[in-house]
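Right, one structure below, let's go through it.
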Amino acid sequence: MPHLAFDAATNCNTAGFAFIICAADETERTLLIRFWAIADTHLSFGKARDMTRFGEKWRDHTDRLAVAWQAVVAPHDVVMLLGDISWASSVKGVMPDLEWLSQLNGTKILLRGNHD
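In my numbering, the protein residues as written are 13 to 128.
Here's what the structure looks like:
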């Protein structure tokens with residue numbers, strides 16, 4: 013079983029936790045795990061909603077969000093979604109949004125917002 017030790021990274025460009033992993037073959041590897049936070053994604057895959065009523069910057073916001081997310085979040089990073097994840101008002105309604113999120117890199121921690 014691998015042993016883990018960690019220390020906070022000090023480089024501003026790679027802020028996160030650096031984990032030193034001792035593998036079964038006794039070699040050491042360092043894995044940088046970054047923590048990200050995002051809020052108010054207002055996904056609407058299960059309930060079509062014209063987000064441009066909030067301005068043009070919302071046009072295709074999920075496409076732009078996915079591209080930016082995948083560019084910076086590594087598969088082993090942690091992303092905290094801090095509420096207002098979806099416009100859905102039921103568990104059934106939010107499932108398409110959660111399925112979409114599950115395809116993105118990282119382990120997700122979801123917190124409920126006033127619209128969730």
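All C-beta atoms, glycine included, are put in the ideal place defined by N, C-alpha and C.
Worksheet item: What separation, rounded to the nearest whole angstrom, lies between the Cα atoms of A100 and A83?
Response: Translated into the one-based positions of the sequence shown, residue 100 becomes position 88. Translated into the one-based positions of the sequence shown, residue 83 becomes position 71. Distance between the alpha carbons of A100 and A83: 27 Å.
Worksheet entry | Residues sharing a beta bridge with K120, DSSP | Here residue 120 refers to the residue found at position 108 when the sequence shown is read from its first residue. The partner list for K120 (beta bridge, DSSP) reads V91.
Fill in: Collapsed DSSP secondary structure at A83 in the structure displayed
Here residue 83 refers to the residue found at position 71 of the sequence shown. Three-state DSSP puts A83 in a helix.
Worksheet item: What residues match up with F47 in a beta bridge as DSSP calls it?
Response: Here residue 47 is taken as the residue at index 35 of the sequence shown, counted from 1. Answer is V90, bridged to F47.
Discussion item. For L110, list the residues DSSP reports as bridge partners.
Written reply: Along the sequence shown, one-based indexing puts residue 110 at 98. Bridge partners of L110: none, in fact.
Worksheet entry | Cβ-heavy atom distance, W70 to the ligand FMN, below 7 Å | Ligands in the displayed structure: none, and consequently the ligand FMN is not present.
Worksheet item: Does the Cβ-Cβ distance between D96 and G118 come in under 8 Å?
Response: Here the question's residue 96 lines up with position 84 in the sequence shown. Here the question's residue 118 lines up with position 106 in the sequence shown. No, the pair does not count as a contact, with Cβ atoms beyond the cut-off.
Practice prompt. Taking all protein chains shown into account, decide if G58 is buried (16 or more other Cβ within 10 angstroms of its Cβ) or exposed.
Written response: Translated into the one-based positions of the sequence shown, residue 58 becomes position 46. Residue environment for G58: buried (at least 16 other C-beta atoms within 10 angstroms of its C-beta).
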